[in-house]
Amino acid sequence: MSKAKRLNEMIMMVNRKKRFTVRELAQEFGVSKRTILRDLQELSEMGVPLYSEVGPHGGYQVLNERILPPIVFSEDETVSIFFAIHALRHYISLPFDIEYESIKKKFYLNLSGDIRDTIDRMQDRIDFVSIHQQEKIPFLKQLLDAAIQQDRLIISYETNGKTSIRSIQPIGIYANEGKWYCPSYCFFRKEYRVFRCDRIKSVERDEKNDPIDLSNINLKNRFSIINQSKETMEIYVELTESGVEKFQSVNWPNIHLRKREDGSGFIKGMIAKHDINFLSNYFIAYGENAIIKEPFELIESTKEILNKVLNLYN
């Protein structure tokens, strides 16, 4: 095995292992301990954050700030990754301890000159339009970490001008139309709720109460699992061709779109009862391009909201 290949594989190996010894690496790569010591010195000079411990139970460990091994990308792959990073500029806050400009600059400056020239020529020719996030959200990383670690949190949550204290356990976080959301189990309501992250004003770990097991629930399957424990009803909405185009821009795993040959279509699926008011306002935005057929409760809620709007002009 060449030295370059050995160093590359060593980076991947030490990233996987929490602790290791020179003897373990020497046996793994079939070289002397002296060679491994020289290799570890080179890895350290390359930026691998190694920490050594002396004594009979000593050895090496990689600090938490792990690094990725070198990866070779084609020019098209490199440009695609750059513009994927570039699309993050619409979000002021990300759930990572790093800023968008720092990621972009580090990636861009390590590219070859000809690929940088290609990107420079393309930057004003291609864009991924998204609603720009308007305000900074300081707690995204804490919410994501709590979802991963299954931690219970105490949050202060502001809605309709009032602030309440909630105990929640996050499932995950996601961004939609310039806003971040955190689906969670709310111990106050004793049901699953979706919290707007910009309305969360403080976050701290709930040390007094035990979390519940949410390991089987994630962002992909949450609708099907959560709706099993809620009062649900079937939704059916007819859509014009324009309505179909508008609905295709959203992603609701529990509601499915069916298109007809003439471009029109309809949606069917299951909704939670407490989402009635939200869906009424949502489909009102479709105007005459959506006709709600069922459930009855959604039709009545939509009528009530429209009557309130009409009364504003009387």
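Note that full-length UniProt numbering has the sequence shown beginning at 1, numbered continuously upward. All C-beta atoms, glycine included, are put in the ideal place defined by N, C-alpha and C.
Other residues of its chain near residue i: CB distance less than 7 Å, five sequence neighbours each side excluded
{"i": "K104", "result": "I85 and H86"}
{"i": "F188", "result": "R166 and S167"}
{"i": "Q142", "result": "V203"}
{"i": "D206", "result": "R152, L153, I154 and S167"}
{"i": "residue 327", "result": "The structure shown does not extend to residue 327, since the chain spans only 1 to 314, so no value can be given for it."}
Neighbourhood of residue i by C-beta, 8 Å cutoff - its chain only, sequence neighbours within 5 removed
{"i": "T232", "result": "M270, I271, A272 and K273"}
{"i": "E28", "result": "M13"}
{"i": "Q248", "result": "L257"}
{"i": "S2", "result": "none"}
Contact test: residue i Cβ vs the ligand HEM heavy atom, cutoff 8 Å
{"i": "F20", "result": "Ligands displayed in this structure: none; no statement on the ligand HEM is therefore possible."}
CB of residue i within 9 Å of CB of residue j, strictly
{"i": "T118", "j": "V79", "result": "yes"}
{"i": "C186", "j": "I137", "result": "no"}
{"i": "I292", "j": "Y236", "result": "yes"}
{"i": "I126", "j": "R152", "result": "no"}
{"i": "K246", "j": "Y286", "result": "yes"}
{"i": "I154", "j": "E204", "result": "yes"}
{"i": "L214", "j": "W180", "result": "no"}
{"i": "R222", "j": "P183", "result": "yes"}
{"i": "F83", "j": "F128", "result": "yes"}
{"i": "L25", "j": "M10", "result": "yes"}
{"i": "K268", "j": "E234", "result": "yes"}
{"i": "Y91", "j": "A175", "result": "yes"}
{"i": "Q41", "j": "E53", "result": "no"}
{"i": "K33", "j": "R19", "result": "no"}
{"i": "R116", "j": "Y108", "result": "yes"}
Segment limits, alpha helix (DSSP H) that includes residue i
{"i": "A84", "result": "E75 to H86"}
{"i": "I119", "result": "G113 to M122"}
{"i": "I299", "result": "F296 to N311"}
{"i": "S44", "result": "K33 to M46"}
{"i": "L7", "result": "K3 to R16"}
{"i": "L25", "result": "V22 to F29"}
Start-to-end residues for the beta strand (DSSP E) that takes in residue i
{"i": "K201", "result": "I200 to R205"}
{"i": "R258", "result": "I255 to K259"}
{"i": "V62", "result": "G59 to V62"}
{"i": "E53", "result": "L50 to E53"}
Residue from the options with nearest C-alpha to residue i
{"i": "L63", "options": "R16, G265, Y157 and D76", "result": "R16"}
{"i": "L219", "options": "I255, F296 and G172", "result": "G172"}
{"i": "I305", "options": "E261, L43 and F278", "result": "F278"}
{"i": "V244", "options": "F266, E261 and N254", "result": "F266"}
{"i": "L7", "options": "L43, L37 and R23", "result": "L43"}
{"i": "S112", "options": "S280, S202, V250 and S74", "result": "S74"}
{"i": "D262", "options": "S242, V250 and S280", "result": "S242"}
{"i": "N216", "options": "Q150, N110, R121 and M122", "result": "Q150"}
Cβ shell of residue i (< 6 Å), same chain only, five flanking positions each side left out
{"i": "E297", "result": "I276"}
{"i": "T163", "result": "S156"}
{"i": "T240", "result": "S264 and N289"}
{"i": "I81", "result": "none"}
For this session: List in chain order: all unbroken beta strand (DSSP E) runs of 3+ residues lying wholly within the segment 128–190.
Result: 153–159, 162–170, 174–176 and 179–186
Exercise. Can you give, in chain order, each stretch of the alpha helix (DSSP H) that sits fully within the segment 234–284 and has at least 4 residues?
Worked result: Within the segment 234–284, the alpha helix (DSSP H) runs of at least 4 residues that lie entirely inside it are, in chain order, 241–247 and 276–284.
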